Amino acid sequence: MAKRKIRIRSGELEAWMEVTEEEYQKYYRPWWQQKKREQRNREAMEECGYKEESYEEWKENDMRTELFAESMEELMEKKILLDILQEALDSLRPEEMELAVKVFGEEMPLIDFANMKKRNPRTLSDHKRRILSKLRHFFMERGFDIEGK
């Protein structure tokens with residue numbers, strides 16, 4: 335397998351590493367391409383009279399604009415839906431809420447949750463179905479159209 339030596343710098347620190355061609359293509363090359371792209375953007379902006387600090391500020395503001403581009407109505411709608419979701423979770427018992435948050439929210443595999451709790455996965459699978467049924471009933475009572483069983 336082909337090996338490649340790469341140099342990694344961070345501030346004043348510098349290190350050389352030997353990596354396989356596969357590692358280089360999968361991890362380091364995309365990272366290097368992104369760094370080069372950012373460098374070219376900075377250089378282009380500096381040619382137009384902007385300083386590096388201006389580029390960083392522009393990049394941060396651009397990201398902030400994307401995050402806050404939603405209208406006030408969309409934000410209020412999301413807040414209402416999150417409040418209803420919190421109310422639904424509060425209607426569950428604490429152990430049911432924990433399972434719902436981990437398995438549905440954090441997408442933890444049920445088998446991992448069962449191992450973490452030292453419980454039988456089949457039993458927790460039954461609990462999961464009951465919790466889904468409770469949540470489905472909760473949302474249907476509030477006028478939400480729920481698909482599925």
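Heads up: the sequence shown begins at 335 in the working numbering, then just goes up one per residue. Even glycine gets a Cβ: it sits at the ideal position worked out from N, Cα and C. Only a predicted model underlies this, so the values are computations on that prediction, with no experimental measurement involved.
### Task
Less than 8 Å between the CB atoms is what I'm expecting for K451 and M442, so what's the real figure, rounded?
Here the question's residue 451 lines up with position 117 in the sequence shown. Here the question's residue 442 lines up with position 108 in the sequence shown. About 11 Å; that fails the 8 Å criterion.
### Query
Out of curiosity, what's the CA-to-CA distance linking L416 and F472?
As a working note, residue 416 is residue 82 in the sequence shown. As a working note, residue 472 is residue 138 in the sequence shown. Going from the Cα of L416 to the Cα of F472 covers about 14 Å.
### Task
Name, in chain order, the residues that DSSP records as bridge partners for W350.
Numbered from 1 along the sequence shown, position 16 holds the residue referred to as residue 350. DSSP lists R341 as partners of W350.
### Buried/exposed call for L433, threshold 16 Cβ in 10 Å
By one-based count along the sequence shown, residue 433 stands at place 99. Looking at its Cβ environment, which holds 16 or more other Cβ atoms inside 10 Å, L433 is buried.
### Query
Do you know offhand how far K370's Cα is from F438's?
The residue labelled residue 370 in the question sits at position 36 within the sequence shown. The residue labelled residue 438 in the question sits at position 104 within the sequence shown. As the crow flies, the alpha-carbon of K370 is around 39 Å from that of F438.
### Chain-order list of residues whose beta-carbon lies under 8 Å from that of L484 (same chain, five-residue window excluded)
Since the first and last residues shown for the chain are 335 and 483, residue 484 lies out of range.
### Task
Could you please give the first and the last residue of the uninterrupted alpha helix (DSSP H) stretch that includes S459?
Against the sequence shown, residue 459 aligns to sequence position 125. Unbroken alpha helix (DSSP H) run through S459: 455-475.
### Collapsed DSSP secondary structure at I480 in the structure displayed
Indexing the sequence shown from 1 puts residue 480 at position 146. It is coil, neither helix nor strand.
### Query
From L353 to K337, what distance separates their C-alpha atoms?
Here the question's residue 353 lines up with position 19 in the sequence shown. Here the question's residue 337 lines up with position 3 in the sequence shown. Checking the sequence, you will find Val at residue 353 rather than Leu. Going from the Cα of V353 to the Cα of K337 covers about 6 Å.
### L419 and I465 closer than 8 Å at C-beta
For the purposes of this step, residue 419 is identified with residue 85 of the sequence shown, where counting begins at 1. For the purposes of this step, residue 465 is identified with residue 131 of the sequence shown, where counting begins at 1. In this structure, I465 does not lie closer than 8 Å to L419 by Cβ.
### Chain-order list of residues whose beta-carbon lies under 6 Å from that of I480 (same chain, five-residue window excluded)
The residue given as residue 480 occupies position 146 in the sequence shown. Closer than 6 Å at Cβ, skipping near neighbours: R470, F473, M474.
### Query
By DSSP, does M410 sit in helix, in strand, or in coil?
In the sequence shown, the residue the question calls residue 410 occupies position 76. Helix.
### Task
Entirely within the region 421-445 and at least 4 residues each: give me those alpha helix (DSSP H) ranges in chain order.
Complete alpha helix (DSSP H) runs here, min 4: 428-433.
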